Amino acid sequence: MQIRTVGVVGAGTMGNGIAQVLATHGLEVWLADVSETALTRGLEAIRNSLERLIRKGALPEDARHATLGRIHPTTVLAALAPCQLVVEAATENADIKQGIFKALDDVLPAEAILATNTSSISLTRIAAWSRRPERVIGMHFMNPVPVMQLVEVIRALQTDDATHAAVTGLAEALGKTPVTVRDGAGFVSNRVLMPMINEAAFVLYENLATAEDIDTVMKLGMNHPIGPLALADLIGLDTCLSIMDILYTEFRDSKYRACPLLVQMVQAGRLGRKSGQGFYRY
Ligand code: CAA
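So this is what it looks like as structure tokens:
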């Protein structure tokens, strides 16, 4: 199946990045969120990202107008009816995602694919919410979506081969590299990444080094583009905490317990870049 029409639910950091990449590659995109304010913010982020890419010559001048022209913002999920595939990129909260999946099941044609950008919730569980479980799949983009090469494709126990082929084909058409993994908490990306970030938070909590020095060790010593604490700020500390909690709950293993400092920072509203303060100030 060649996919031409795609819906994206959620205009936040991941959703707007996904919508942008789809639209720059010629697909028609319906971008849904609950409020006009969220949509306006999402479109503004897309404009800024396009400017960046045009400025450095990665996109032609006319890509700005053409890309934005292919994105149709909406606050009504029923507007996604023409979509062959929808990528759900809403808040990482199982109840919210379940509500969206139920609503999309009613709105979309039976053959449409339901993809989710979840970073850690079990795909098999999500597929079971739908009346088309064989057409549910994980399409996990990385932040910042326009820059990062990977799409982690997660097969639920129920996902069929045609759905998998359509989604890996789409990822390749977007210039990304899909890597397919089986369903398991945190998949591969966050099973490996989040314990590293959490451990960096522990090192800071135990006063072994400053945030800057912890990040410098990982940048200069391991060639990471940014350190784990700066990366946590980019991802959002609330997202990091919720992923650690899911790993802890799923595996029932204390090695996944969230660092108390991470918990407190989220309680204090220090969520990283998006709130102006996390391990660093912005
Ligand atoms: N849109 C378009 N371009 C962007 C961009 C955006 N939103 N953000 C960054 N860029 C571009 C910049 O224009 C710049 O391009 P050039 O090098 O060609 O000039 C390039 O990316 C680098 O940007 P900066 O110079 O501003 O900053 P940097 O060198 O620190 O790079 C970064 C920024 C690409 C984000 C880099 O720090 C990096 O790779 N960080 C690690 C990112 C990462 O690990 N992401 C995965 C997070 S985990 C996740 O997403 C999954 C999950 O479930 C939690």
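Here my numbering is used: the first residue of the sequence shown is 16, the next is one more, and so on. Beta carbons are placed, not taken as given, at the ideal position from N, Cα and C, and that holds for glycine. Note that this is a predicted model, so its numbers are computed, not measured.
Inter-residue spacing [alpha-carbon to alpha-carbon] between residue i and residue j
i, j, result
"Gln-113", "Gly-236", "42 Å"
"Thr-89", "Ala-181", "25 Å"
"Ser-64", "Thr-231", "27 Å"
"Ala-94", "Val-23", "11 Å"
"Glu-59", "Glu-126", "33 Å"
"Glu-107", "Glu-76", "35 Å"
"Asp-198", "Arg-140", "10 Å"
"Asp-121", "Arg-19", "21 Å"
"Tyr-271", "Arg-85", "42 Å"
"Phe-202", "Val-91", "31 Å"
"Met-209", "Pro-97", "37 Å"
"Asn-222", "Ser-134", "30 Å"
"Ile-128", "Arg-170", "13 Å"
"Asn-158", "Leu-189", "15 Å"
"Gly-32", "Ala-26", "8 Å"
"Arg-147", "Val-160", "27 Å"
"Phe-217", "Ser-204", "20 Å"
"Ile-136", "Gln-292", "27 Å"
"Ala-226", "Thr-264", "28 Å"
"Ala-283", "Tyr-295", "14 Å"
"Thr-39", "Leu-286", "30 Å"
"His-87", "Leu-123", "17 Å"
"Asn-213", "Leu-185", "33 Å"
"Trp-45", "Leu-119", "13 Å"
"Val-101", "Gly-153", "11 Å"
"Asn-238", "Arg-150", "39 Å"
Closer than 7 Å: residue i CB and nearest the ligand CAA heavy atom
i, result
"Thr-231", "no"
"Lys-289", "no"
"Ser-257", "no"
"Leu-208", "yes"
"Ile-250", "yes"
"Met-211", "no"
"Leu-46", "no"
"Pro-243", "no"
"Val-162", "yes"
"Lys-191", "no"
"Thr-254", "yes"
"Lys-71", "yes"
"Met-157", "yes"
"Asn-31", "no"
"Leu-58", "no"
"Pro-75", "no"
"Asn-238", "no"
"Ser-50", "no"
"Arg-67", "yes"
Any chain B beta carbon closer than 8 Å to residue i
i, result
"Leu-37", "The displayed structure is made up of one protein chain only, and chain B is not part of it."
Cβ distance (whole Å) where residue i is taken to contact residue j below 8 Å
i, j, result
"Leu-277", "Leu-252", "6 Å"
"Ala-215", "Pro-243", "4 Å"
"Ala-200", "Ile-261", "6 Å"
"Arg-206", "Leu-249", "Not a contact, Cβ separation roughly 19 Å."
"Val-194", "Leu-165", "6 Å"
"Leu-74", "Leu-68", "4 Å"
Contact test: residue i Cβ vs the ligand MN heavy atom, cutoff 7 Å
i, result
"Ser-137", "Inclusion of the ligand MN in the displayed structure is not the case, the ligand content consisting of the ligand CAA alone."
Complete alpha helix (DSSP H) runs within the segment 67-119 (minimum length 4 residues, chain order):
78-84
In chain order, which alpha helix (DSSP H) runs of at least 4 residues are fully inside the segment 201-278?
204-220, 226-237, 243-250, 252-266
Would you mind listing the beta strand (DSSP E) stretches within the segment 139-188 that are 3+ residues and don't spill past its ends, in chain order?
151-156, 165-170
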